[in-house]
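Chemist: Before anything else, here's the structure in question.
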Amino acid sequence: MRIQPRQELLEIWAATVRSSWQDGKWQWGGRDGPNSISDAEQLLCLLLPATQADFGLDRPDETADEMIKVLRPLGNATQIPLVLIQVLTEYYQRYTDKSGTPVFSGRTYFQTGGAEPTEQQLELDIVDSFAMSITLSLAAIGFARVFRGAVRREEILREIADLESMANIRLTAAMVGLLRSFAVNVFDVDSDEGQALCRTLNQSNLPQRQIVAQLRRKLRETIASFREVLIGSGQVADLDSANRLFECGWSWGIVRDAPEVETTEPIGRQPAGVAPEEPYLYFTVIAIDAIEELFTERTRILGLLNDEQQRLARALQLRWDLTRGYWATVATFGDGHRWPLEDIPWRTTDREASDYYTLLVTSLAVKGLVLERGADAELSRVGSVLEELANRARITRRPFDQDPALALHAPGVQVTLQNSDQLGGPVMRWTVSEFSALLLQRTAYIGGLFSEADQRAKMLDLADRVWDHLVLRRLDRGNARSLWDQPARAFGQFEDYYDAPSWYYTERVVQSLVTTVKILRRPPLRSERLTMHALDLLNEAEHLYDVELLSGTAEAGPRMQQTLQIVRVNLRRAREIVHERPGTAAALASSVLRSLDELNAARRDVSEAG
Numbered sequence: 195m196r197i198q199p200r201q202e203l204l205e206i207w208a209a210t211v212r213s214s215w216q217d218g219k220w221q222w223g224g225r226d227g228p229n230s231i232s233d234a235e236q237l238l239c240l241l242l243p244a245t246q247a248d249f250g251l252d253r254p255d256e257t258a259d260e261m262i263k264v265l266r267p268l269g270n271a272t273q274i275p276l277v278l279i280q281v282l283t284e285y286y287q288r289y290t291d292k293s294g295t296p297v298f299s300g301r302t303y304f305q306t307g308g309a310e311p312t313e314q315q316l317e318l319d320i321v322d323s324f325a326m327s328i329t330l331s332l333a334a335i336g337f338a339r340v341f342r343g344a345v346r347r348e349e350i351l352r353e354i355a356d357l358e359s360m361a362n363i364r365l366t367a368a369m370v371g372l373l374r375s376f377a378v379n380v381f382d383v384d385s386d387e388g389q390a391l392c393r394t395l396n397q398s399n400l401p402q403r404q405i406v407a408q409l410r411r412k413l414r415e416t417i418a419s420f421r422e423v424l425i426g427s428g429q430v431a432d433l434d435s436a437n438r439l440f441e442c443g444w445s446w447g448i449v450r451d452a453p454e455v456e457t458t459e460p461i462g463r464q465p466a467g468v469a470p471e472e473p474y475l476y477f478t479v480i481a482i483d484a485i486e487e488l489f490t491e492r493t494r495i496l497g498l499l500n501d502e503q504q505r506l507a508r509a510l511q512l513r514w515d516l517t518r519g520y521w522a523t524v525a526t527f528g529d530g531h532r533w534p535l536e537d538i539p540w541r542t543t544d545r546e547a548s549d550y551y552t553l554l555v556t557s558l559a560v561k562g563l564v565l566e567r568g569a570d571a572e573l574s575r576v577g578s579v580l581e582e583l584a585n586r587a588r589i590t591r592r593p594f595d596q597d598p599a600l601a602l603h604a605p606g607v608q609v610t611l612q613n614s615d616q617l618g619g620p621v622m623r624w625t626v627s628e629f630s631a632l633l634l635q636r637t638a639y640i641g642g643l644f645s646e647a648d649q650r651a652k653m654l655d656l657a658d659r660v661w662d663h664l665v666l667r668r669l670d671r672g673n674a675r676s677l678w679d680q681p682a683r684a685f686g687q688f689e690d691y692y693d694a695p696s697w698y699y700t701e702r703v704v705q706s707l708v709t710t711v712k713i714l715r716r717p718p719l720r721s722e723r724l725t726m727h728a729l730d731l732l733n734e735a736e737h738l739y740d741v742e743l744l745s746g747t748a749e750a751g752p753r754m755q756q757t758l759q760i761v762r763v764n765l766r767r768a769r770e771i772v773h774e775r776p777g778t779a780a781a782l783a784s785s786v787l788r789s790l791d792e793l794n795a796a797r798r799d800v801s802e803a804g
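So in the working numbering, spot 505 of the sequence shown is number 699, and the numbers just go up one at a time.
In structure tokens, the structure reads:
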């Protein structure tokens, strides 16, 4: 890959500190002002690489010099984690109210199109904040727990303990919030939603009753499992009807009439919800990604979840499984030549259509294919969709004047938050403009799933081209230079220029780079053909080496003995790695063959001269 994620992340670190750390204090808020989400995104620009890309800030003795250099404004290797502990503590204090209840409002991210929202509206909890808080709190708890092993001073140990306590309360509250925001929308086949879903699924012009029967047959296990999730809701009987369909996922906030979740943790009050019991694709994907953080190897090894959180995590995992299964089935439905996912743009059941929704559905489809051990052929179909999306969004193609595709990038897709006007103000909207950054993350992720080198190379090449586009969109002046987002630098049709960073967008880019780091750290793909070639070379090299020893070369001068020693080491190394890294083994075997041929040629020259 042309992307160098380590170097890019270090540059982002330097820019984040330059923009955020001024006069010995952390400056909250970027382009959109401070809120519980933006401030978490700002911190994650540092914590995601530190905890998920193993940059080692929580182990001062192991922190690389280049990392200390870019974070020098925060102090030395010992002082940097102390500053991060203090800033994280400040975040948790800022977003906890006087009653001790964590705050998950969207505030400055809410938009109304000019009308003034009420204070009650601005205080509404939103799924984006729940999801971001799970990611941040797991990172903070893990960071504090590892760093604690390097601390001896009692006052610092108390600060770490206080941070862990606050992060645990917010983590539990966020998990409860996601449970109360889960939505199952059951509707009749003949309703507007039912007709919209059937049109999306029917790629082969089959009779509607056949489509409905086939979908319900594919989802029968999911429907059966909903009895546990929907117990007492009155919708279980509805799902049993043969002419009923459904969709599931996460609404934009706590669902109206959602019951409180019993918990032993002191998370404060559980506010009433107003969001409709209808899933939103954007909030579903961001919730799914956050829930996956609860089950990572790092979370398990460090024991980041207490007993109560593990109980809540199991409930979330059930909903994660059901949602993944549903959307993977819908996205790849049918036996025809085309999946619904490949019919771009994706159309939601409320008749909204956008390439951005297609990108979100690819995320859900891939999660299903991974768990069901999807073949490269299926993954390549998703890869082709991503390539088409890059073209349609003018990331890998030149835009034309007044190109409507540019609206994906600025201002972005406007998501209407239904029922948000029930608290006395206007209907609020949520703007999502992460298309390019999300495309990079999904492309790199899918590239890492391929077992065939050619398919993987194709996806990583697309990731490089998307990255070239993102580089153009960096801010290029002021303290925020090298952060995001400046769409006018990539698209001349835009006129607005910004000096402040968008932490929303920058955090998405950081996520993409961290994903790329994880992909590149995996072992290289193994080719059976290359392995056989390497074994053939190795067998010949070992045979010729044995012949050389029989000729008495080992008793020759020190120079020849040194050559044979190198040959022996290379042969041993090649044999050790031939099945894991056949290309490297072949290169070592080739170097051995070359050295042995030089010895043979030298001996022949001496013989002829004699």
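Glycine included, every Cβ here is placed at the ideal spot set by N, Cα and C.
Are three or more beta carbon pairs between the stretch 469 to 489 and the stretch 438 to 454 nearer than 8 Å?
Modeler: Yes, the stretch 469 to 489 touches the stretch 438 to 454.
Chemist: Whose C-alpha, out of M195, L237, A208 and R200, is nearest the C-alpha of Y698?
Modeler: Answer by Cα proximity: L237.
Chemist: Are there 16 or more other CB atoms within 10 angstroms of the CB of S789, so buried, or fewer, so exposed?
Modeler: Its Cβ being crowded by 16 or more others within 10 Å, S789 is buried.
Chemist: Since A547 sits in a beta bridge, which residues does DSSP pair it with?
Modeler: Paired residue(s): R541.
Chemist: Determine the burial state of K561: buried for a count of at least 16 other Cβ atoms within 10 Å of its Cβ, exposed for fewer.
Modeler: Answer is buried; the Cβ neighbour count reaches 16.
Chemist: Rank H531, G641 and T312 by C-alpha distance to the C-alpha of G618 and give the top, closest one.
Modeler: Ranking H531, G641 and T312 by Cα distance to G618 puts T312 first.
Chemist: For R461 and Y692, I'd like the C-alpha separation in whole angstroms.
Modeler: Position check: residue 461 holds Ile in this sequence, whereas Arg was assumed. Roughly 38 Å separates the two Cα atoms.
Chemist: Alpha carbon to alpha carbon, how far is G641 from K652? Give it in angstroms, no decimals.
Modeler: Rounded to whole angstroms, K652 to G641 spans 8 Å at the Cα level.
Chemist: Report yes if the C-beta distance between S232 and G223 is below 8 Å; otherwise report no.
Modeler: A contact, by the Cβ cut-off of 8 Å.
Chemist: Does the beta-carbon of G428 have 16 or more other beta-carbons within 10 angstroms, so that it is buried, or is it exposed?
Modeler: Residue confidence for G428 is low, a pLDDT of 45 falling below 50, so the modelled location carries little weight and cannot support an answer.
Chemist: Identify the residues that DSSP records as bridge partners of V449: which are they?
Modeler: Answer by DSSP bridge pairing, in chain order: A469.
Chemist: With DSSP as the reference, identify every bridge partner of W678, one or two as the case may be.
Modeler: Answer is R668, bridged to W678.
Chemist: When the Cα of V786 is compared with those of V772, G777 and E734, which residue comes out closest?
Modeler: For V786, the nearest C-alpha among the options comes from E734.
Chemist: Roughly how many whole angstroms lie between the Cα atoms of D255 and I713?
Modeler: Rounded to the nearest angstrom, the two C-alpha atoms are 27 Å apart.
Chemist: Just the C-alpha distance for G426 and T457, rounded to the nearest angstrom, thanks.
Modeler: Any answer about G426 is weak, because its pLDDT of 43 lies below 50 and its placement is not dependable; what the coordinates show is given next. The alpha-carbon atoms of G426 and T457 are separated by roughly 19 Å.
Chemist: Which of the three DSSP states, helix, strand or coil, is assigned to P199?
Modeler: It is helical.
Chemist: Return helix, strand or coil for R623, following the three-state DSSP convention.
Modeler: Three-state DSSP puts R623 in a strand.
Chemist: Below 8 Å, can you find three or more Cβ-Cβ pairs linking the stretch 666 to 684 to the stretch 737 to 745?
Modeler: With the cut-off at 8 Å, the stretch 666 to 684 and the stretch 737 to 745 do not touch.
Chemist: Decide if the stretch 242 to 259 is in contact with the stretch 333 to 346; the criterion is three or more beta carbon pairs, one per stretch, under 8 Å apart.
Modeler: Flag = yes, the stretch 242 to 259 and the stretch 333 to 346 touch.
Chemist: Taking the alpha-carbon positions, what's the D549 to Q273 distance?
Modeler: Near 46 Å, if we compare the C-alpha coordinates of Q273 and D549.
Chemist: Between V609, E491, F341 and E459, which lies nearest to Y474 when the distance is taken from Cα to Cα?
Modeler: The residue with the shortest Cα to Cα distance from Y474 is V609.
Chemist: Could you name the residues of the same chain whose beta carbon sits closer than 8 Å to that of V423, not counting the 5 residues immediately before and after it, in chain order?
Modeler: Within the same chain, V423 has close Cβ partners F376, V378, L512, R513 and L516.
Chemist: Suppose the cutoff is 6 Å on Cβ atoms and the five residues either side in sequence are ignored; what does the same chain contact list for S323 look like?
Modeler: Excluding residues within five positions, the ones whose Cβ falls inside 6 Å are S230, I231 and F298.
Chemist: Would you mind working out which of V321, L731, R797 and Q649 sits nearest A484, comparing C-alpha positions?
Modeler: When only C-alpha atoms are compared, the closest one is V321.
Chemist: For the candidate residues L488, D648, L600 and L268, whose alpha-carbon lies nearest to that of G577?
Modeler: Closest by alpha carbon: D648.
Chemist: Starting from V772, trace the alpha helix (DSSP H) both ways and give me its first and last residue.
Modeler: No alpha helix (DSSP H) contains V772, which DSSP labels as neither H nor E.
Chemist: For R508 and H773, I'd like the C-alpha separation in whole angstroms.
Modeler: Those two C-alpha atoms are separated by around 38 Å.
Chemist: Please look up how many angstroms separate the CB atoms of Y551 and P539, rounded, as I've assumed it's under 8 Å.
Modeler: 7 Å between Cβ atoms; contact.
Chemist: Relative to the alpha-carbon of E722, which residue among D670, I206, R775 and E770 has its alpha-carbon at the smallest distance?
Modeler: Taking only the C-alpha atoms, the option nearest E722 is R775.
Chemist: Starting from the C-beta of E502, find all residues in its chain whose C-beta is less than 7 Å away, skip the five residues before and the five after it, and write them out in chain order.
Modeler: Same-chain partners within the cutoff: T366, T457, T458 and E459.
Chemist: Are the stretch 265 to 279 and the stretch 197 to 217 touching by the rule of at least three beta carbon pairs closer than 8 Å?
Modeler: Cβ pair count under 8 Å is three or more, so yes.
Chemist: For D544, which option in S398, E472 and L583 has the closest C-alpha, if you only look at C-alpha atoms?
Modeler: Cα-wise, what sits closest to D544 is E472.
Chemist: Which residues does DSSP list as the beta-bridge partners of P296?
Modeler: P296 is bridged to T290.
Chemist: Let me confirm a value: Q201 is counted as buried when at least 16 other C-beta atoms fall within 10 Å, else exposed. Which label applies?
Modeler: That one is exposed.
Chemist: Contact check, R683 vs D670 under 8 Å by CB: the rounded distance?
Modeler: Confirmed, about 7 Å.
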